[in-house]
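What follows is a single structure, written as structure tokens, with notes after it.
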Amino acid sequence: MALVSAKEMLEKARDGKYAVGQFNINNLEWTKSILQTAEELRSPVILGVSEGAGKYMTGFKTVAAMVKAMIEELKITVPVALHLDHGTYEGCYKCIEAGFSSIMFDGSHFPIDENIEKTKELVKVCKKHKMSLEAEVGAIGGEEDGVIGKGECANPDECKKIADLGVTMLAAGIGNIHGKYPENWEGLSFETLAAVKEKVGDMPLVLHGGTGIPTDMIKKAISLGVAKINVNTECQLSFQEATRKYIEEGKDLVGKGFDPRKLLAPGCEAIKATVREKMEIFGSIGKA
Ligand code: 13P
Numbered sequence: 592m593a594l595v596s597a598k599e600m601l602e603k604a605r606d607g608k609y610a611v612g613q614f615n616i617n618n619l620e621w622t623k624s625i626l627q628t629a630e631e632l633r634s635p636v637i638l639g640v641s642e643g644a645g646k647y648m649t650g651f652k653t654v655a656a657m658v659k660a661m662i663e664e665l666k667i668t669v670p671v672a673l674h675l676d677h678g679t680y681e682g683c684y685k686c687i688e689a690g691f692s693s694i695m696f697d698g699s700h701f702p703i704d705e706n707i708e709k710t711k712e713l714v715k716v717c718k719k720h721k722m723s724l725e726a727e728v729g730a731i732g733g734e735e736d737g738v739i740g741k742g743e744c745a746n747p748d749e750c751k752k753i754a755d756l757g758v759t760m761l762a763a764g765i766g767n768i769h770g771k772y773p774e775n776w777e778g779l780s781f782e783t784l785a786a787v788k789e790k791v792g793d794m795p796l797v798l799h800g801g802t803g804i805p806t807d808m809i810k811k812a813i814s815l816g817v818a819k820i821n822v823n824t825e826c827q828l829s830f831q832e833a834t835r836k837y838i839e840e841g842k843d844l845v846g847k848g849f850d851p852r853k854l855l856a857p858g859c860e861a862i863k864a865t866v867r868e869k870m871e872i873f874g875s876i877g878k879a
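Read in order, the letters of the sequence shown are residues 592 to 879 in the numbering used here.
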């Protein structure tokens, strides 16, 4: 199956009261593990690529070519969107050219008028290419690939202005942050989420910083219009933990245990388990 825009899968999720997971990829192992889990569980999936991860993988063209070929070689039949995560204005155009099926323009650090201006232009370009577009209002806190946000709650009126431009989905800051949540985290602001929902109506909402949000909060967010949830750090942590265990147990020293295909296998299995667990919580299993 060819890459698809995220529009249809997110509208279905919104109507069916579940969420589609966006899992960020870093390399071939990550991509393969996520695609295989989605196929096995018959779940739609969004592969997220940050600008830093794109650069690491030598560029967006390499990423698009790898993902497209992998979908074909692995005979993946569930809907897969390839999505730029927290894109800059220039990064968005690079991904459009590279053949991504979805982009996020993160204009949350610009003054709202500039965010609107640039998002408006990208709405037109994405329509032309039949791609989905995610916009952001109210910075997501924490740090991801050098993008640092304060974690402010979005202004619902600004959300409406951006939603009215015709974007596919909207990320609104509701006290969520990238990476691990600190001990003293106050939790998601459902008040903000409800106020945003009230203003933007049917627009599928996106929850960033999916790592470490308690299940009850995830479910409540979905009930209030969240249809896409981003997870990155949690796959990194499970990969790290499994790889550390393999090496600490000395398994890399036994026979051909140093072979990268063996060395990276426990980490891949750990990513699969994390993706499965998230898909269960998000309710996307069997929805492909
Ligand atoms: P986490 O790394 O906290 O899971 O956040 C991922 C994310 O929101 C990607 O945009």
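Yeah, the Cβ is synthetic: ideal placement off N, Cα and C, and Gly gets one too.
- If you check the C-beta of Asn617 against the ligand 13P, you find no heavy atom less than 7 Å away.
- Within the region 796-877, the complete beta strand (DSSP E) segments at least 3 residues long are 796-798, 817-822, listed from N- to C-terminus.
- Around the beta-carbon of His674, 16 or more other beta-carbon atoms lie within 10 Å, marking it buried.
- Boundaries of the alpha helix (DSSP H) around Ala655: 651-664.
- In the structure shown, Met722 falls within a coil segment according to DSSP collapsed to helix, strand and coil.
- Of the residues Ile872, Glu871, Ala812, the one whose Cα lies closest to the Cα of Phe781 is Ala812.
- In the three-state scheme derived from DSSP, where H, G and I count as helix and E and B as strand, Ala762 is classed as strand.
- For the 8 Å CB-CB criterion, Gly801 and Ile768 do not form a contact.
- For a cut-off of 8 Å, the C-beta gap from Thr668 to Glu642 is around 30 Å, too long to register as a contact.
- Rounded to whole angstroms, the Cβ separation of Met657 and Thr628 is 17 Å, and the two are not in contact under 8 Å.
- Bounds of the alpha helix (DSSP H) holding Gly682 are 680-689.
- Counting C-beta atoms within 10 angstroms of its own C-beta, Thr649 has fewer than 16 neighbours from the protein chains shown and is therefore classed as exposed.
- Taking C-alpha positions only, Asp850 is separated from Met695 by approximately 37 Å.
- Below 8 Å, too few C-beta pairs join the region 792-800 and the region 848-865 to call them touching: fewer than three.
- A contact between stretches requires three or more CB pairs, one per stretch, nearer than 8 Å, and the region 594-605 fails this requirement with the region 614-621.
- With contacts defined by Cβ atoms closer than 8 Å, Gly816 and Gly764 do not form a contacting pair.
- Checking the 7 Å criterion, the Cβ of His700 is out of range of every heavy atom belonging to the ligand 13P.
- The residue among Glu868, Lys715, Asp793 with its C-alpha nearest the C-alpha of Ile804 is Glu868.
- Annotation for Asp843: Tyr837, Phe849, Leu854 place their beta carbon closer than 7 Å to its own, counting only its chain and skipping 5 residues before and after.
- Annotated as proximal: Val636 and Ile625, with beta-carbon spacing under 8 Å.
- Counting only residues of its own chain and dropping the five nearest sequence neighbours on each side, Met808 has a CB closer than 6 Å to the CB of Leu779.
- Nearest Cα to His700 within the set Gly645, Asn823, Glu727: Glu727.
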